[in-house]
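Quick note on my numbering: the sequence shown kicks off at 2 and runs consecutively.
Using N, Cα and C, we set each Cβ at its ideal position, and we do this for glycine too.
Beneath this line is the structure, given in structure tokens, with notes to follow.
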Amino acid sequence: MTATQTITADAASGARGSPWRIELIQTAKLAAPMALIQLGQIAMMTTDLVLIGRLGDAALAAAALAHTVLFAAFAMGMGVMSAVAPLAAQAHGARQPRMVRRALRVGLWAAVLLGAPLTAVQFWGEDILLALGQEPRNAALAARYLAGIAWVLIPAWAFMALRNFMGAVNRPEPALWITLVAIPINAVLAYGLIFGAFGLPALDLMGAGLATTIVDIGMCIAAIWIAYTRRPFKKYRVLGRFWRPDWRLLGKLFAIGLPISGALLLEYGVFAAAALLMGRISTSAVAAHQIALQTAAILYMVPFGIAMAATVRVGQAVGRRDAAATRRAGLAAIGLGVAFMTLMTAIIALARHAIPLIFLGAEAPQASETVALAATLLVLGMSFFITDGVQAVAAGALRGLNDTRVPLLFAAISFWGVGFVSCYVLGFPVGLGAIGVWIGLSLATVVFAALLLWRFHALTARGYLPAVASA
């Protein structure tokens with residue numbers, strides 16, 4: 002159903018509550034492929050970690066440290082690419098196809114402008130980790146992984162911009178198809194390059210990173226081809242006047258996107274700091290933290306997909322200048338996120354002892370210690386799984402309103418004023434170790450979710466609608 006058909010259905014429905022049912026259905030239909038895309042992305046990362054885990058605890062710990070360095074850079078571009086969605090969705094709702102194309106174009110430009118310098122930073126990963134007090138062996142192994150995966154930033158960001166464009170015009174399915182094809186290719190290529198199978202060189206950690214880079218380049222090329230040649234994207238002429246500067250819209254993209262990047266960096270930063278704190282406890286603590294965090298990340302992908310749908314639905318309502326639909330879109334998406342995460346929390350509680358074995362294998366050296374700690378962390382993680390989903394969807398709804406600066410302030414308060422301080426105090430002075438660190442992470446997500454919910458309610462209750470960029 003197109004945005005126009007949705008408006009007609011809303012207007013034609015006289016039954017009480019029918020607009021809410023329509024909104025829930027439309028949000029779910031849009032969120033489903035977006036969530037599956039996110040799950041596909043995390044499936045590739047999880048596959049890499051499972052294969053790396055067969056190299057031992059030290060390799061898994063090194064991968065966790067390498068991701069700490071990589072994600073600090075990735076989050077910077079991820080926020081800016083996220084701004085493509087509200088700009089394109091608002092333009093689509095306002096029936097301005099040229100502005101939809103321009104939103105994608107500046108997103109691709111931003112991917113290149115940010116990616117070039119941040120890719121270079123990855124090759125200093127070993128020095129960065131040593132400066133942060135990590136063991137030399139772990140830092141050297143992490144640097145080897147970064148040598149293969151460092152080149153992933155630009156193609157990954159470009160694919161993100163393209164999939165946000167596809168979602169903004171209510172057609173996210175092609176990005177899902179690309180992701181589904183990429184999952185088995187990534188698994189086979191990663192296995193071959195890590196262990197030297199299929200006639201490929203055995204590159205261990207570097208092979209895992211290189212496989213990810215190759216697959217992401219392929220995904221980016223496929224998305225560009227579909228956006229340029231296939232309907233309904235073909236009519237937007239996405240590469241038309243690609244080299245023409247669009248400084249005003251690029252500035253707006255950064256104005257919306259950089260605060261998102263800042264909030265993501267603050268969030269990822271506190272989890273990265275938690276990994277570094279774990280590194281001061283033991284190698285098993287780092288490995289257990291990575292297993293539990295990867296499990297949480299898998300769960301997070303569904304509310305993150307719902308958040309992307311919330312951005313689109315809220316943005317399209319803003320483009321139509323419909324304040325009631327704007328509020329309804331955000332609240333419906335938040336409700337979907339809460340329902341899903343509540344169900345998944347119960348499942349994780351039942352499977353907490355089996356999940357670590359997926360990463361380490363039952364016969365892995367020192368598996369019992371790491372498995373027991375990871376299971377304990379998963380139980381503690383239950384306290385923030387739901388609130389983590391709520392904050393993701395609420396943040397997505399606020400992005401549809403172009404509201405990203407106040408959430409940045411909220412992120413600083415929640416993740417560092419509350420989260421990091423609690424992680425450190427409970428982990429070390431209080432002496433709870435890894436358990437104390439995860440209690441601190443839980444407190445951070447609770448505070449952040451509460452603040453974002455209050456912000457969305459406060460803005461939409463008074464009918465706030467931001468200005469929409471014009472062509």
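Enclosing alpha helix (DSSP H) for residue i [first to last residue]
{"i": "Ser423", "result": "Val422 to Gly428"}
{"i": "Glu136", "result": "Segment: none, Glu136 is in no alpha helix (DSSP H) and carries neither H nor E."}
{"i": "Phe255", "result": "Trp248 to Ile282"}
{"i": "Asn187", "result": "Glu174 to Phe196"}
{"i": "Pro34", "result": "Ser19 to Gly54"}
{"i": "Leu454", "result": "Ala435 to Ala462"}
{"i": "Trp158", "result": "Leu154 to Ala169"}
{"i": "Gly116", "result": "Pro98 to Gln123"}
{"i": "Gly219", "result": "Asp205 to Thr230"}
{"i": "Ser83", "result": "Asp58 to Ser83"}
{"i": "Arg406", "result": "Arg406 to Ala412"}
Beta-carbon proximity list for residue i, same chain, < 6 Å, skipping 5 on both sides
{"i": "Thr405", "result": "Ile257, Pro260 and Ile261"}
{"i": "Ala318", "result": "Ala326, Thr327 and Ala330"}
{"i": "Val287", "result": "Ala62, Ala65, Met279 and Gly280"}
{"i": "Arg145", "result": "Leu206 and Met207"}
{"i": "Ala188", "result": "Thr48"}
{"i": "Ala468", "result": "none"}
{"i": "Leu190", "result": "Ala212"}
{"i": "Ala32", "result": "Gly306, Ile307 and Ala310"}
Close Cβ partners of residue i (< 7 Å) along its chain, the five nearest in sequence each way excluded
{"i": "Ile387", "result": "Val339, Met342, Thr343 and Thr346"}
{"i": "Leu361", "result": "Gly54, Ala368, Thr371 and Val372"}
{"i": "Leu267", "result": "Ala412, Ala413, Phe416 and Trp417"}
{"i": "Leu71", "result": "Gln123, Leu147 and Ile150"}
{"i": "Cys221", "result": "Pro156, Ala159 and Phe160"}
{"i": "Arg353", "result": "Ala376, Leu379 and Val380"}
{"i": "Ile225", "result": "Leu163"}
{"i": "Ile184", "result": "Gly41, Ala44 and Met45"}
{"i": "Gly94", "result": "Ala4, Gly316, Gln317, Ala318, Val319, Gly320 and Arg321"}
{"i": "Tyr237", "result": "Pro98, Val101 and Arg102"}
{"i": "Gly241", "result": "Arg102"}
8 Å Cβ shell around residue i - same chain, five flanking residues per side excluded
{"i": "Leu460", "result": "Leu399, Leu402 and Asp404"}
{"i": "Ile356", "result": "Ile292, Thr296, Ile349, Ala375, Ala376 and Leu379"}
{"i": "Met383", "result": "Thr346, Ile349 and Ala350"}
{"i": "Phe243", "result": "Arg106 and Leu109"}
{"i": "Val426", "result": "Gly437 and Gly441"}
{"i": "Arg231", "result": "Pro175"}
{"i": "Ala60", "result": "Ile53, Gly54, Leu142, Asp205 and Leu206"}
{"i": "Ala393", "result": "Tyr301, Pro304, Phe305, Ile307, Ala308 and Gly338"}
{"i": "Pro202", "result": "Leu194 and Gly208"}
{"i": "Val271", "result": "Phe416, Trp417, Gly420, Phe421, Cys424, Leu442 and Ala445"}
{"i": "Pro137", "result": "Leu131"}
Distance between beta carbons of residue j and residue i, contact taken as under 8 Å
{"i": "Met35", "j": "Ala445", "result": "Actually they are not in contact, since the Cβ atoms of Met35 and Ala445 sit about 25 Å apart, beyond 8 Å."}
{"i": "Ile179", "j": "Ala223", "result": "5 Å"}
{"i": "Tyr192", "j": "Leu52", "result": "6 Å"}
{"i": "Ala301", "j": "Ala76", "result": "Rather than Ala, the amino acid found at residue 301 in this sequence is Tyr. Their Cβ separation, rounded to whole angstroms, is 14 Å, which puts Tyr301 and Ala76 out of contact at 8 Å."}
{"i": "Ala273", "j": "Thr69", "result": "4 Å"}
{"i": "Ala90", "j": "Gly316", "result": "3 Å"}
{"i": "Gly252", "j": "Ala334", "result": "No, Gly252 and Ala334 are not in contact; Cβ-Cβ is about 28 Å, not under 8 Å."}
{"i": "Val101", "j": "Ala169", "result": "7 Å"}
{"i": "Asn165", "j": "Val85", "result": "4 Å"}
{"i": "Gly456", "j": "Pro408", "result": "Looking at the sequence provided, one finds Arg at residue 456 rather than Gly. With a Cβ gap of about 7 Å, Arg456 and Pro408 count as contacting."}
{"i": "Leu114", "j": "Ala74", "result": "Incorrect: roughly 13 Å between the Cβ atoms, too far for contact."}
{"i": "Leu154", "j": "Gly80", "result": "No, Leu154 and Gly80 are not in contact; Cβ-Cβ is about 13 Å, not under 8 Å."}
{"i": "Pro173", "j": "Ile26", "result": "That belief does not hold up - the Cβ atoms of Pro173 and Ile26 are roughly 16 Å apart, past 8 Å."}
{"i": "Phe385", "j": "Val448", "result": "Actually they are not in contact, since the Cβ atoms of Phe385 and Val448 sit about 10 Å apart, beyond 8 Å."}
{"i": "Thr312", "j": "Pro20", "result": "Not quite, the Cβ-Cβ distance comes to about 20 Å (not below 8 Å), so this is no contact."}
{"i": "Ile282", "j": "Gly434", "result": "6 Å"}
Test: residue i CB closer than 7 Å to a CB of chain D
{"i": "Tyr301", "result": "You won't find chain D in this structure, because it holds only one protein chain."}
Quick check for students: name the residue ranges of the alpha helix (DSSP H) that lie wholly in the segment 312-394, counting only runs of 4 or more. If we require 4 residues or more, the alpha helix (DSSP H) runs fully inside the segment 312-394 come out as 324-351 and 356-361.
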